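Undergrad: Submitted below is the structure of interest, expressed as structure tokens.
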Amino acid sequence: MTEYIGSTENENARRLLFDCSMQGKWDEAIEVYKQNPWLRLEKITIDGDTALHIAVRDHNEKVVKEMAELVSTRQQYESVLKTQNNQGNTTLHLAASIGNVSMCECLAKKCEDLVGICNEYGETPFFLAAHHGTKRAKRFETKLAFQILEEDKDLGSRFDEKGINPLHLLAEQPTAFKSGTRLSLIDKIIYH
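Sequence positions in the sequence shown follow our numbering and run 167 to 358.
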């Protein structure tokens, strides 16, 4: 691991986490993350991303899962997983926008309140999944839609700055519904 001369111990740890994360040296980044729990909340990029944000952007499911597991208490879930970058995106926003179902499930399972957090554009992770998602992510969205509606009864009356509602967006995606998708036998079983 690299050591930086003339910096404090905390600055060294922060810079090392940044360097390892940006270079995809995830084994080293995880070690720094483990040894310095305070870094889990630290925004380490100019865009206000944490190391967990960077791991999601890197599409690294294994690292996201490992980092999420290091967050061990409800209080840590609340603070670490709800950390928003400069655009107001949590890690769940990012995972939803790239359509990564396993990351979405991993993060949402750790902190169910994440699904209702809006970014600076008024978009929830659900909205971003509906807007950017893949077929696989749309199945997760449908499941998530019912879960979200259970928790957020006002979702149908919420709109982003363009006047778009996440439920309308989902309804416009025929692949999100059984009638609009040709399903294989295994998918039919999963869908029911």
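In this text, a Cβ means the ideal position worked out from N, Cα and C, and glycines have one as well.
All figures in this text were calculated on a predicted structure; none of them were measured in a lab.
Taking Cβ to Cβ, would you say L260 is nearer than 7 Å to R223?
TA: Cβ distance < 7 Å, so L260 and R223 count as in contact.
Undergrad: Just the Cα atoms here: how many angstroms apart are N331 and R324?
TA: In a straight line, the C-alpha of N331 is about 6 Å away from that of R324.
Undergrad: Kindly give me the distance between the Cβ atoms of L258 and L280, rounded to whole angstroms, as I take these residues to be in contact under 8 Å.
TA: Confirmed, about 4 Å.
Undergrad: In chain order, what residues of the same chain have a beta carbon less than 7 Å from the beta carbon of C272, not counting five sequence neighbours either side?
TA: The residues are V230, K231, A234.
Undergrad: Go ahead and pull the three-state DSSP assignment for G282.
TA: Reduced to three states, the DSSP call for G282 is helix.
Undergrad: Closest to E250 by C-alpha separation, out of Y287, I264, L183, would be which residue?
TA: According to the sequence shown, residue 250 is Gln rather than Glu. With distances taken between Cα atoms, Q250 lies closest to Y287.
Undergrad: Among residues of its own chain, excluding the 5 on either side of N252, which ones have a beta-carbon nearer than 7 Å to its beta-carbon?
TA: Correct list, in chain order: D213, G214.
Undergrad: Please list the terminal residues of the continuous alpha helix (DSSP H) segment that includes V267.
TA: V267 -> alpha helix (DSSP H) spans 267 to 276.
Undergrad: Once DSSP output is grouped into helix, strand and coil, what is the label at T290?
TA: Reduced to three states, the DSSP call for T290 is coil.
Undergrad: Cβ atoms of L236 and C277: under 7 Å apart, would you say?
TA: No, these two residues do not count as a Cβ contact at 7 Å.
Undergrad: Indicate the three-state DSSP secondary structure (helix, strand or coil) for D193 in the structure shown.
TA: In this structure, D193 counts as helix in the three-state DSSP scheme.
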